[in-house]
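I have placed the structure first, in the form of structure tokens, so that the comments after it can refer back to it.
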Amino acid sequence: FNDWLEEVREMMHREVDYRLEARTTEKFRQMLSHDARFVVPRVLPEYSTEHIIASTYEHGHSVSSTAVRDLPLARRSALGQAALELFFRELFKWGEIQTDPNFGNYRIRIAGEQGDDSETDRIVLLDFGAVQSYSSDFLEPVIQMIKASYEEDLEQVIVGGIELRFMSRDWPAEVLDKFGKVCMSVLEPLAKDRSQWPDYAVNSHGQYRWKQSDLPSRVAKQAARSAISRYFRVPPKEFVFLNRKLIGVYTFIAVLHSEFNGEDLLRKYLYGDAGV
Numbered sequence: 001f002n003d004w005l006e007e008v009r010e011m012m013h014r015e016v017d018y019r020l021e022a023r024t025t026e027k028f029r030q031m032l033s034h035d036a037r038f039v040v041p042r043v044l045p046e047y048s049t050e051h052i053i054a055s056t057y058e059h060g061h062s063v064s065s066t067a068v069r070d071l072p073l074a075r076r077s078a079l080g081q082a083a084l085e086l087f088f089r090e091l092f093k094w095g096e097i098q099t100d101p102n103f104g105n106y107r108i109r110i111a112g113e114q115g116d117d118s119e120t121d122r123i124v125l126l127d128f129g130a131v132q133s134y135s136s137d138f139l140e141p142v143i144q145m146i147k148a149s150y151e152e153d154l155e156q157v158i159v160g161g162i163e164l165r166f167m168s169r170d171w172p173a174e175v176l177d178k179f180g181k182v183c184m185s186v187l188e189p190l191a192k193d194r195s196q197w198p199d200y201a202v203n204s205h206g207q208y209r210w211k212q213s214d215l216p217s218r219v220a221k222q223a224a225r226s227a228i229s230r231y232f233r234v235p236p237k238e239f240v241f242l243n244r245k246l247i248g249v250y251t252f253i254a255v256l257h258s259e260f261n262g263e264d265l266l267r268k269y270l271y272g273d274a275g276v
């Protein structure tokens, strides 16, 4: 638990290191410069100091605003897909993840508003003070668990969980299986086998309804029923903010009332599937 507290303390120090945040903001702006779905403010170094970050003003609506809620479903779903793909890029490609999912760090710029000539609704990304860099030693077993969950390989999910110190080889086999299944259930919106989706989580076109699915609540109940708490171990400190980000991404998509299946996006980053 002390490791978790230390991780929080380190993050708080990083969040007030404004020169670091300015460099990180510019780095993300460059990495996303060719993707019209995202806007990152440009840092103005001539007006910035170690105590202040000055940047361009980027207009947009809050994620939960009426203007965003009134967008057609297809456009809200496209925004949700963009948010999910950004997370996958951070996780699978960059190893750098903006771990603060507070909605105050995001705006939605609606196409055509305030002189914007883009034909695409865009996500404005603000505040890069909580960007966390992850080592390959940590990310590789995380990605292994994701891949194994997608491939419904319970044994490999458990192997990844043990490597990440979520689980212990000393646990009873039944508990390991239950814990692994809880982990796998988190990937429900990304699954290739959709037969297990609740009816209320699927629209008439077979697309996943992120808001109506109530997935976080169902996963929590599944964990409670499986009696995992008796064997619970504090996960490695790296998960303090990674878990926060994952929950934040799912919540972001749910608040948009997006409806889409995430499988194609996941396959793109797991296997490099062409045409996705």
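In terms of the UniProt record's numbering, the sequence shown is numbered consecutively and its last residue is 276.
Just so it is clear, CB atoms sit at the ideal spot from N, CA and C, and this is done for glycine as well.
By the CB criterion at 8 Å, Leu-154 and Asp-170 fall outside the cutoff. With a cutoff of 8 Å on beta-carbon distance, Phe-88 and Leu-246 are scored as not near each other. Straight through space, the alpha carbons of Asp-70 and His-205 are spaced by roughly 21 Å. According to the DSSP assignment, Leu-86 belongs to the alpha helix (DSSP H) that extends over 73-88.
When rounded, the separation of the alpha-carbon atoms in Tyr-106 and Ala-173 is 43 Å. When beta bridges are read from the DSSP output, Glu-259 appears opposite Arg-209.
Shown here for Tyr-47: same chain residues with a beta carbon closer than 8 Å to its own, the five before and five after excluded, namely Ala-54 in chain order. Spanning the alpha carbons of Ala-111 and Pro-216 requires a straight line of approximately 31 Å.
When the alpha-carbon of Phe-166 is set against those of Pro-235, Val-175, Gly-180, the nearest one is in Pro-235.
Cβ contact annotation for Thr-25 (same chain, cutoff 6 Å, sequence separation greater than five): Val-43, Phe-128, in chain order. Ranked by how close their Cα comes to the Cα of His-34, the residues Ser-77, Arg-19, Leu-86 have Leu-86 in first place.
Here Phe-241 is near Gln-132, since their CB atoms are less than 8 Å apart.
Beyond the five residues adjoining it in sequence on each side, Pro-198 comes within less than 6 Å, by CB distance, of no other residue in the same chain. When Val-40, Gly-180, Leu-190, Tyr-134 are compared, the shortest CA-CA separation from Asn-261 is found for Leu-190.
Less than 8 Å separates the beta-carbon of Leu-79 from that of Leu-256. Looking at the backbone, the Cα of Gln-212 and that of Tyr-57 are separated by about 35 Å. If the five residues before and after Ser-64 are omitted, its C-beta is found closer than 6 Å to the C-beta atoms of Val-255, all from its own chain and listed in chain order. Residue state for Leu-265 is assigned as helix, using DSSP reduced to three classes. Assignment of beta-bridge partners to Leu-125 by DSSP yields Tyr-106.
Rounded to the nearest whole angstrom, the CA to CA distance from Val-157 to Arg-230 is 20 Å. In the three-state DSSP reduction, Glu-163 falls in the helix class (H, G or I).
Here Gly-161 is actually not in contact with Phe-138; their C-beta atoms are around 13 Å apart, not less than 8 Å.
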